[in-house]
Ligand SMILES: [Zn+2]
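Numbering (our numbering), first residue to last: 3 to 210.
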């Protein structure tokens, strides 16, 4: 079977490289390094690519993707984990001004979390999702009326907990305290093409 995607990607890359060779923004990034002001943490799902969604350019966003966009709570035992190291770099080296965690509807990772049995994890996916199991008990003050699927409601809870967990990372806390950083949690509905943002004061979600 022909590997159509790979052939298409090689052609696309060659076209893009030709364009970028003359692009001043790209030249500046090569010469002076990156200075993105926003970090986005989102799911690996191929329908939720932040650069495509927000029409971002090279250098605009520092992106971390993992299954179900989970930010585990910081503790000494998870020093060196991918999420913590990317957060640390974004806050201390890049001095990003905003961190946005983006969850999405119809998330397979969240469905896996909903199927959590309480038994010891049997594989990497279960072990990863286990880090968010507390969000199964987490509750919101209210749910947006149009979000009726249980999986999607769980996505809102997991997002809210990940948002709270950001405040367990010492570098994040210090940056927030000196007013240099704001943190956000957004829920993207891939069908309605709409975003709701977490209001931590009200513990609910509202339209962006
Ligand atoms: Zn997902």
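Glycine residues also receive a C-beta, built at the ideal position from the N, C-alpha and C atoms.
* State the Cα-Cα distance for the pair residue 90 and residue 138, rounded to the nearest angstrom. => Position 88 of the chain shown, counting from 1, holds the residue named residue 90. Position 136 of the chain shown, counting from 1, holds the residue named residue 138. Taking the straight line from one Cα to the other gives about 27 angstroms.
* What number of angstroms, rounded off, separates the C-alpha of residue 129 from the C-alpha of residue 170? -> As a first step, residue 129 is located in the chain shown; it is residue number 127 there, counting from the start. As a first step, residue 170 is located in the chain shown; it is residue number 168 there, counting from the start. Looking at the two C-alpha atoms, the distance is approximately 20 angstroms.
* To do: Could you say which of 63, 152, 208 lies nearest to residue 42 if we only look at CA atoms?
  => Indexing the chain shown from 1 puts residue 42 at position 40. Of the listed residues, the one whose Cα sits closest to residue 42 is 63.
* Exposure of residue 190, with buried meaning 16 or more beta-carbon neighbours within 10 Å -> If you number the chain shown from 1, residue 190 lands on position 188. Around the beta-carbon of residue 190, 16 or more other beta-carbon atoms lie within 10 Å, marking it buried.
* Would DSSP call residue 199 helix, strand or coil? -> Mapped onto the chain shown, residue 199 falls at position 197. It is a strand residue.
* Identify every run of the beta strand (DSSP E) within the stretch 34-114, keeping only runs that are complete inside it and at least 3 residues long; order them along the chain. => 40-45, 63-68, 100-106
* Using the rule of at least 16 other Cβ atoms within 10 Å of the residue's Cβ for burial, across every protein chain shown, is residue 124 buried or exposed? -> Along the chain shown, read from residue 1 onward, the residue named residue 124 stands at position 122. Exposed, because fewer than 16 other Cβ atoms sit within 10 Å of the Cβ of residue 124.
* To do: To the nearest angstrom, report how far apart residue 27 and residue 61 are at their CA atoms.
  => As a first step, residue 27 must be located in the chain shown, where it is residue number 25. As a first step, residue 61 must be located in the chain shown, where it is residue number 59. For residue 27 and residue 61, the distance between alpha carbons rounds to 9 angstroms.
* Within its chain, find whatever has a CB closer than 8 angstroms to the CB of residue 168; leave out the 5 residues flanking it on each side and keep chain order. => Here residue 168 refers to the residue found at position 166 of the chain shown. Contacts found: 73, 89, 101, 103, 174, 185.
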